Structures are given as structure tokens and as C-alpha cells.
Amino acid sequence: MRINLSRRFTLSIGGILIIGLLAFLVADRRSSDTLIEEMALGEARKLSAAVLDQLHTSMRLGGGRAENRAVIERMKGIAGIEEIRVMHGDAVDAQYGMEHDEMPQDPLDRLALKGTASAGIERSDKGYRVARHVMPVFLTEDCRSCHVGKAGSVPGAISISVSLKDYEAIISTHNRRFVVWGGGILLAILLAVLLLVHRRFLYPLDKLREGAEALSEGRLDYRLALKTGDETQAVADAFDRMADSLHKATSSMKDVSEKYSRLVNTAADAILLRDLETRKFIEANPAASALLGYSREELLEMSPADLYAPEVLEEYRKAVTRWISVGKGYLHGLMVRRKDGSIVPVELAASILELEGRKYIQEIWRDVSERKGFEEKINTHVQELEETVKKRTAELNRSLRELVEAYGRLKISEQKLIQSAKLVSLGEMGAGIAHELNSPLAGILSITEVLMGRMSKEDPNYRLLDKIRDAAVRSKYIILDVLTYSRPTKAGFAPMFLNEAIRATLTIFTSEIKARSIEIIEDFDPELPKVFGNKGQVMEVVLNILKNGRDAMGGSGRVFISTRAVTEEKDRYSVAEFRDIGPGIADDVRDKIFDPFFTTKEKGGGHNIGLGLSISQSIIKEHGGRIEAENHPSGGAVFRIYLPVYKEA
Numbered sequence: 015m016r017i018n019l020s021r022r023f024t025l026s027i028g029g030i031l032i033i034g035l036l037a038f039l040v041a042d043r044r045s046s047d048t049l050i051e052e053m054a055l056g057e058a059r060k061l062s063a064a065v066l067d068q069l070h071t072s073m074r075l076g077g078g079r080a081e082n083r084a085v086i087e088r089m090k091g092i093a094g095i096e097e098i099r100v101m102h103g104d105a106v107d108a109q110y111g112m113e114h115d116e117m118p119q120d121p122l123d124r125l126a127l128k129g130t131a132s133a134g135i136e137r138s139d140k141g142y143r144v145a146r147h148v149m150p151v152f153l154t155e156d157c158r159s160c161h162v163g164k165a166g167s168v169p170g171a172i173s174i175s176v177s178l179k180d181y182e183a184i185i186s187t188h189n190r191r192f193v194v195w196g197g198g199i200l201l202a203i204l205l206a207v208l209l210l211v212h213r214r215f216l217y218p219l220d221k222l223r224e225g226a227e228a229l230s231e232g233r234l235d236y237r238l239a240l241k242t243g244d245e246t247q248a249v250a251d252a253f254d255r256m257a258d259s260l261h262k263a264t265s266s267m268k269d270v271s272e273k274y275s276r277l278v279n280t281a282a283d284a285i286l287l288r289d290l291e292t293r294k295f296i297e298a299n300p301a302a303s304a305l306l307g308y309s310r311e312e313l314l315e316m317s318p319a320d321l322y323a324p325e326v327l328e329e330y331r332k333a334v335t336r337w338i339s340v341g342k343g344y345l346h347g348l349m350v351r352r353k354d355g356s357i358v359p360v361e362l363a364a365s366i367l368e369l370e371g372r373k374y375i376q377e378i379w380r381d382v383s384e385r386k387g388f389e390e391k392i393n394t395h396v397q398e399l400e401e402t403v404k405k406r407t408a409e410l411n412r413s414l415r416e417l418v419e420a421y422g423r424l425k426i427s428e429q430k431l432i433q434s435a436k437l438v439s440l441g442e443m444g445a446g447i448a449h450e451l452n453s454p455l456a457g458i459l460s461i462t463e464v465l466m467g468r469m470s471k472e473d474p475n476y477r478l479l480d481k482i483r484d485a486a487v488r489s490k491y492i493i494l495d496v497l498t499y500s501r502p503t504k505a506g507f508a509p510m511f512l513n514e515a516i517r518a519t520l521t522i523f524t525s526e527i528k529a530r531s532i533e534i535i536e537d538f539d540p541e542l543p544k545v546f547g548n549k550g551q552v553m554e555v556v557l558n559i560l561k562n563g564r565d566a567m568g569g570s571g572r573v574f575i576s577t578r579a580v581t582e583e584k585d586r587y588s589v590a591e592f593r594d595i596g597p598g599i600a601d602d603v604r605d606k607i608f609d610p611f612f613t614t615k616e617k618g619g620g621h622n623i624g625l626g627l628s629i630s631q632s633i634i635k636e637h638g639g640r641i642e643a644e645n646h647p648s649g650g651a652v653f654r655i656y657l658p659v660y661k662e663a
């Protein structure tokens with residue numbers, strides 16, 4: 015049987031109060047008993063001393079045994095004295111004779127005759143308690159005139175018993191009053207506590223229960239609005255905030271559900287949901303009806319065997335088995351039958367869903383009929399592009415061969431004349447190549463990017479287009495490098511700080527530094543004077559040198575960068591020095607590293623055609639400076655850039 019919270023509080027609090035009252039009553043009773051026992055024992059000790067004093071006085075005045083008995087009888091008349099006895103020891107019995115009522119009767123008597131006082135609480139024959147004290151009587155010098163024995167011996171003892179009957183009556187009355195008053199107080203406290211608990215705890219709990227039931231029934235606008243001024247109000251406020259959150263979340267979910275429904279219903283792709291157990295479609299969007307020609311009701315009565323062409327049905331079933339294990343998948347080249355019997359090529363993206371313990375498969379079909387035509391156009395353009403690239407490549411190879419032959423012949427002549435002729439040849443060649451290749455490359459890039467944007471990344475042709483785009487981009491950058499080398503310009507020249515250009519380049523190079531564990535050690539002169547130049551071109555030179563150092567070190571290591579100002583004859587220069595810890599520059603290539611198209615690395619990868627240092631040298635010369643390269647004594651290559659200090663007018 016379930017007991018409600020109010021009864022539990024009543025029983026619990028009442029039980030605690032009753033137990034506390036009983037415990038206090040027991041403790042009070044024990045305390046009272048101990049008190050009256052101590053008082054009675056103290057009174058018994060005092061009376062024992064008084065009796066001894068009376069007997070001693072009687073014996074000094076010559077009173078005999080009869081007088082002594084009279085004294086004892088008078089003392090017994092005192093209220094509260096239950097019994098007075100006098101015990102004689104062996105010496106007194108031998109001197110005066112033995113009497114039965116003066117013989118020791120219990121261990122307390124015998125202990126007192128041995129010289130030890132004792133006391134205790136006993137119960138009388140009538141049922142009430144008695145405090146008894148037994149006191150030994152010691153023989154003094156003035157007693158030896160009448161009694162035989164040594165001074166200090168024990169000729170007898172006095173036993174006095176004091177009744178506790180009157181004390182017990184007082185305690186009993188006190189206990190009854192305590193029970194009556196305690197019970198009344200207990201009842202008043204119980205009622206006050208119950209009233210307080212009901213108003214401050216049970217009532218708010220009932221309100222919380224009503225609120226919880228309201229929320230469970232869907233009444234999300236229900237609010238408690240309790241004002242108790244304590245923790246209960248805090249709980250009620252938290253409940254109201256929770257209800258607000260639930261109301262907002264429910265509204266948000268409803269809004270999301272409506273948006274999702276609109277998204278599915280307005281999607282251009284056909285979306286169908288199928289139960290894997292019944293193998294029937296259970297939902298289809300309008301695009302599916304438009305694609306297949308069936309109404310939604312007709313589609314919900316169909317299975318994959320009714321829609322997929324027989325030649326792809328088995329492939330589809332195997333794919334579904336695979337998707338169930340991995341959760342999703344894709345399938346290309348599927349054929350589905352329309353209501354009119356025609357075949358439509360589609361791509362399928364599938365996802366496995368689990369709702370309320372049942373598994374479903376969501377299929378998204380994309381009509382690729384138009385893409386077939388695009389693929390034919392792409393193939394045609396690719397063929398034309400390949401032919402154009404072959405022709406232009408052949409022309410470029412012929413030009414390069416002619417250039418190499420000319421370079422070999424001119425190498426015998428003066429180095430400066432060779433370099434000048436080389437610049438002229440490259441300028442003419444760069445201009446011709448740029449005009450011949452820029453336009454078809456721009457067309458190739460535009461067409462390729464448009465085609466890639468219209469197809470899925472999972473399409474097999476996507477990778478072919480991606481390769482075509484990469485090849486075109488590489489060709490574009492090769493042309494830019496050749497033009498930069500052959501036609502350096504002084505556009506954009508302005509006073510600038512070499513330190514700032516280097517730091518800006520390092521910012522660009524940050525991803526390489528982190529990815530390849532390259533440590534940059536800087537030692538910049540903060541007072542380095544300005545130079546006059548194009549900051550972007552100087553940054554390009556710095557970047558080329560850093561990339562050469564990175565490649566020489568195998569992708570990881572340290573690069574030391576320092577700047578300083580130097581004076582040569584009458585000219586001042588701002589110098590930047592770059593030192594890596596790679597293998598250095600081989601002796602047989604030291605004179606060739608600034609030659610165009612010369613590289614010690616494998617050609618054909620990205621922009622690596624051997625123009626980086628040649629372009630850098632052209633840029634620095636255009637700035638009126640020079641670039642040097644040598645090996646460091648401790649290992650590694652050292653590149654230095656000398657730029658003239660800017661002279662302000």
C-alpha cells in the first residue's frame with residue numbers, strides 16, 4: 015500500500031517527537047532516581063553520625079544497655095527512618111554477653127565490623143526503596159575505661175535505613191505532570207510542524223505534480239508561478255523556465271519539421287523512403303512522381319522490382335546488402351522505368367535509417383539524362399584540348415631546343431653578353447608563348463570548371479576534368495614565371511623596410527613551417543634603413559629562397575635569417591642573409607643556379623621548371639642590387655640579397 019507524502023511526514027515527525035519525549039522522560043526519571051538515592055544516602059550517613067553521638071553521650075554519662083536502647087528507639091521516631099540497628103563485635107559480646115538482634119546479619123554489617131563503612135540502596139518488603147548506611151564504631155582512649163580492647167579497634171557498628179517512599183511519591187507526581195504537559199506540547203509542535211510542512215512543502219509539491227502532469231498532457235503553456243520566497247520558489251521558477259524551453263524547442267522542432275517537409279517536397283531530385291522489411295516504398299516526394307510518371311499513391315504500392323530495369327536490379331540488390339552494413343552508399347548507371355515504359359538513367363545516393371526499431375532506406379535519385387549530352391560535349395572539348403596542347407607543346411619543345419642550342423653557342427662568349435642575349439631571347443619567347451597559350455588556356459580552365467561544377471565528385475569523369483584543370487593551371491603559372499623573368503617592371507616601387515617584407519613572407523610561409531617542422535631563427539637589425547622597391551616582388555624573392563632551403567633540407571630543419579646594413583665603397587646596402595642546414599650547393603652547379611630553367615630537382619611537379627632563382631636575380635637587379643649564393647663553412651647554403659639604401663630627397 016502506497017502512503018502519501020503528508021501521512022509519511024505526520025508519522026515520521028510524530029514518531030520522532032514521541033521517541034524524543036520518551037527518551038527525555040527516561041533520562042529525567044533516571045536523573046531523579048539518582049538524585050534521591052544520593053540524598054537518602056547522605057541523610058543516612060548524617061543520621062548514623064547523630065546516633066553514634068547520642069550513644070557516646072549516653073555511655074559517658076553512665077547509661078547502660080537499656081539507656082542505649084532508649085536512645086535508638088527515640089531516633090527511630092524520626093520521620094523517614096526505616097530501621098536502626100547496633101551490632102556488637104566479638105570483644106563486646108565477650109564482655110557483656112551476646113544478644114540475637116545485635117549480631118551482624120549481612121555482608122554490609124560484617125564489612126563495617128572490619129572497619130569499613132558501606133552503603134547501598136535496597137528494596138523493602140513493602141516494595142519501596144530504602145537507603146542504608148552501615149558505619150563502624152572505633153574504640154577511643156576514653157572508651158577503654160568501660161570497654162575492653164585497643165584504641166582504634168572496632169567494638170561495633172551502626173546500621174541506619176532511610177525510606178525513599180516519600181521521594182518516590184514526589185517523583186511519580188512529577189512524571190505524570192511531565193507526561194501530560196509533554197504530550198500537550200508534543201501535540202502542539204506536531205500540529206505546527208504539519209501546518210508548516212503543508213504550506214511550505216506539500217502544497218508546492220502538489221503544484222509541481224500538477225505542472226508535471228500538465229506538461230505530460232502536452233499543455234506546454236502551463237506555469238506554476240509560485241511565490242514562496244525560498245528554495246521551493248527557485249525550483250518552481252526552474253520548472254517554469256524548463257516549460258518555456260520545452261515550448262520553444264517544440265515550436266522550433268515543428269518549424270524544422272515544416273522546413274524539412276518543404277525541402278523534401280520542393281527538391282529537384284526524386285526522394286523515396288522504403289521499408290526494408292516490407293520492401294515497399296512508404297514515402298515519395300513530388301519530384302519522384304514527376305520523374306516516374308506515377309502518383310504518390312501508386313508509388314507507395316510499388317517495390318524496387320516494379321521500377322528498376324531488370325539488367326540493373328541484381329546490382330541494386332547487392333548494393334543494398336552492402337549499404338545495410340556500412341550505413342550509406344552510392345550507385346551510378348542505374349536505369350529506372352517510367353510509367354510510359356521509357357527508361358531514365360539515374361544516379362542513386364542511399365542512406366540507412368532506423369526509426370523506432372525498424373530499418374528504412376532513403377533513396378535520392380538524380381536524373382542524369384542531360385548529363386549524357388554534357389559528357390559528349392566534354393569528350394569533344396577534351397580531344398580538342400589534347401590536340402591543342404600537343405601542338406603547343408611541340409612548338410614549345412622546338413623553341414626550347416632552339417634556345418638550348420643558342421645558349422650552348424653563346425656560352426663560349428662573354429658571360430655578360432650571354433646573359434643579355436638570354437634575356438632578350440626569353441623576352442621574345444615569353445611574349446610569343448603568352449599570346450599563343452593564354453587564350454586557349456583561359457578557355458580550357460573556364461570550360462573545365464563549369465563542367466566540374468555541374469557534376470558530382472563521385473562521377474568518374476570528375477577526376478579527368480580535375481587533371482585537365484591542374485595541367486592548365488600549371489601551364490598558366492609557367493607562362494607567368496616566364497613573363498616575370500623576361501619583363502621585370504618597376505611598377506609599384508616605393509620606400510619600404512626589408513625587415514617587414516621578410517616578416518610578411520614568413521607569415522605566408524607559416525603553414526609550410528608548421529607542417530614540415532621547419533624552425534626559423536631570426537636576427538634582424540631593428541635600425542635597418544629603408545630601401546626603394548616593390549614589396550611584393552621582394553617577398554617573391556624571399557619566398558623562392560625559403561622554398562629552395564626547404565627542399566634542400568628534405569622538408570624539416572632550421573633556417574637562419576639575419577639582416578644588417580653594410581657600406582661598400584661609397585654605397586650603402588641593406589643586406590638579408592638566409593642560411594639553411596642542407597647539403598649546400600654542389601661545386602659543379604654553383605655557376606648555373608641562376609640560369610633559367612636550371613634545377614637540380616625533378617621537373618614536371620607543379621611550378622618546378624627552374625625559373626625561381628632566375629626570376630629572383632632579375633627582380634633584385636631591377637632594384638639595383640645583387641644576389642649571391644655560397645656554401646657556409648659549417649654546412650648548408652647561404653643566400654644574400656643586397657638592396658641599395660633609399661636616399662630621401
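Heads up, the sequence shown is in this note's numbering, so the first residue is 15 and it goes up one at a time. Note that the Cβ used here is the ideal one computed from N, Cα and C, for glycine as well. From a predicted model like this one, the values you see are computed outputs, not experimental measurements.
In angstroms with no decimal places, state the Cα-to-Cα distance between residue i and residue j.
i: Met73; j: Leu61; result: 18 Å
i: Ser132; j: Gly196; result: 39 Å
i: Gly618; j: Thr407; result: Residue placement at Gly618 is flagged as unreliable, the pLDDT there being 47, under the threshold of 50; the coordinate-derived value follows with that caveat. If you take the alpha carbons of Gly618 and Thr407, they lie about 13 Å apart.
i: Leu290; j: Leu314; result: 14 Å
i: Glu57; j: Gly34; result: 34 Å
i: Leu367; j: Asp283; result: 19 Å
i: Arg586; j: Ile633; result: 19 Å
i: Val652; j: Lys342; result: 55 Å
i: Asp601; j: Glu582; result: 27 Å
i: Lys405; j: Met510; result: 45 Å
i: Glu182; j: Leu240; result: 57 Å
i: Leu277; j: Glu297; result: 14 Å
i: Met15; j: Leu39; result: With a pLDDT of 49 at Met15, under the threshold of 50, the modelled position of that residue is not reliable, and the figure given next carries that caveat. About 34 Å.
i: Ile203; j: Ala41; result: 21 Å
i: Ser167; j: Arg146; result: 23 Å
i: Gln551; j: Arg415; result: 30 Å
DSSP state of residue i, grouped into three classes?
i: Leu417; result: helix
i: Tyr330; result: helix
i: Tyr181; result: helix
i: Tyr308; result: coil
i: Asp594; result: strand
i: Val652; result: strand
i: His188; result: helix
i: Asp539; result: coil
i: His621; result: Here His621 scores only 49 on pLDDT, less than 50, and its place in the model should not be relied on; the value that follows carries that caveat. His621 falls in the coil class under three-state DSSP.
i: Thr521; result: helix
i: Ala131; result: coil
i: Met256; result: helix
i: Gly91; result: coil
i: Ala282; result: coil
i: Ile338; result: helix
The alpha helix (DSSP H) that contains residue i, what's its start and end?
i: Ile553; result: Residue 553 is actually Met in this sequence, not Ile. Looking at the DSSP string, the run of the alpha helix (DSSP H) that includes Met553 is 549-566.
i: Ile629; result: 626-636
i: Ile95; result: No alpha helix (DSSP H) contains Ile95, which is instead part of the beta strand (DSSP E) from 95-102.
Taking C-alpha atoms, which residue in the options lies nearest to residue i?
i: Arg604; options: Ser339, Ala250, Leu627, Ala131; result: Leu627
i: Leu222; options: Asp251, Val358, Val194, Pro324; result: Asp251
i: Thr130; options: Glu401, Gly571, Pro150; result: Pro150
i: Gly347; options: Val340, Val334, Leu362, Asp120; result: Leu362
i: Ile285; options: Glu329, Ile375, Tyr656; result: Ile375
i: Ser175; options: Leu127, Arg191, Ile86, Gly225; result: Ile86
i: Tyr236; options: Ser167, Asp244, Asp258; result: Asp258
i: Ser365; options: Leu560, Gly571, Gln397, Arg288; result: Arg288
i: Arg564; options: Phe546, Glu463, Phe152, Pro597; result: Pro597
i: Gly198; options: Ile32, Leu399, Asp594; result: Ile32
i: Gln68; options: Glu52, Leu49, Glu51, Arg88; result: Arg88
Tell me where the beta strand (DSSP E) around residue i begins and ends.
i: Asp602; result: Looking at the DSSP string, Asp602 is not in any beta strand (DSSP E), and its letter there is neither H nor E.
i: Phe298; result: The sequence given here has Ala at residue 298, not Phe. 295-298 is the extent of the beta strand (DSSP E) around Ala298.
i: Ala239; result: Looking at the DSSP string, Ala239 is not in any beta strand (DSSP E), and its letter there is neither H nor E.
i: Ala323; result: Unbroken run through Ala323: none, as it is neither H nor E.
i: Ser576; result: 571-582
Between residue i and residue j, which are expected to be in contact by the criterion C-beta below 8 Å, what is the C-beta distance as a whole number of angstroms?
i: Leu125; j: Gly134; result: 11 Å between Cβ atoms; not a contact.
i: Arg380; j: Val360; result: 6 Å
i: Leu557; j: Ile522; result: 7 Å
i: Leu542; j: Thr519; result: Incorrect: roughly 15 Å between the Cβ atoms, too far for contact.
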